[in-house]
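Numbering (UniProt numbering), first residue to last: 1 to 183.
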């Protein structure tokens with residue numbers, strides 16, 4: 001499709017050049033003074049340059065539109081997918097929500113069960129944790145840092161230093177009983 005568009009534009013460009021050349025021949029056949037000939041020649045050259053630029057710009061715009069149209073079509077085909085696959089993915093997401101809300105699977109709630117392939121049997125919570133948006137977390141942390149108490153700030157800095165140094169492990173953070181609040 002793109003090649004057809006390019007060949008069409010090239011044909012249009014050739015026809016326009018032929019018309020200009022024919023017009024130039026007619027002009028040059030008439031007896032004119034040397035100054036006028038030079039001026040007309042400059043005008044024709046400028047016209048050719050400008051028309052070539054405008055043709056190139058139009059050609060580039062048409063090509064861009066064609067590329068956008070074909071890429072939109074491809075993306076639309078990818079988004080539509082197969083109905084059975086969409087239903088299955090929806091059931092998987094619904095089952096995840098049910099597990100997080102009430103701790104029960106769809107089968108226990110009397111709903112249809114999704115068909116889960118072997119590669120989809122990974123822990124959904126692990127995938128969710130691994131794919132969260134870091135910028136949102138950073139924004140939340142930066143907004144809450146000034147509100148930390150001294151003890152909370154030292155605990156936070158200790159944990160962050162352990163992570164930065166690469167010392168992993170399980171950390172248990174126990175707040176004072178009278179605070180009744182975690183950070």
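All residues carry an ideal CB built from backbone N, CA and C; glycine is no exception.
Helix, strand or coil at residue 105 according to DSSP, with G and I counted as helix: coil
How many angstroms separate the CA atom of residue 155 from the CA atom of residue 65?
When rounded, the distance between both Cα atoms is 56 Å.
Apart from the five residues on each side of it in sequence, which residues of its chain come closer than 6 Å, Cβ to Cβ, to residue 118? Reliability of the predicted coordinates at residue 118 is poor, the pLDDT of 43 falling under 50, and the value obtained from them is presented with this limitation in mind. Nothing listed; no residue qualifies.
Enumerate in chain order the residues of its own chain whose CB-to-CB distance from residue 12 is below 8 Å, with the five nearest sequence positions on each side excluded.
The beta carbon of residue 12 lies closer than 8 Å to those of 55 in the same chain, with the five residues before and after it left out.
### Message
Can you give me the C-alpha to C-alpha distance between residue 242 and residue 131, rounded to a whole angstrom?
### Response
Since the first residue of the chain shown is 1 and the last is 183, residue 242 is not available in this structure.
(request) Check whether the region 107–115 touches the region 84–91, counting contact only when three or more Cβ pairs, one atom from each stretch, lie closer than 8 Å. (result) yes
Review point. Under three-state DSSP, which class holds residue 161?
Key: helix
- Query: Is residue 170 helix, strand or coil by DSSP?
  - Reply: Of the three classes helix, strand and coil, the one that applies to residue 170 here is coil, per DSSP.
Q | Same chain, Cβ closer than 8 Å to residue 105, five either side skipped, listed in chain order | A | 95, 98, 99, 113
- Task: Might you give, ordered along the chain, the residues of its own chain that have their beta carbon closer than 7 Å to the beta carbon of residue 110, omitting 5 neighbours on each side?
- Result: none
Checklist entry - What is the DSSP secondary structure of residue 113, counted as helix, strand or coil? => result coil
So residue 135 is in the alpha helix (DSSP H); what residue range does that whole segment cover?
134–144
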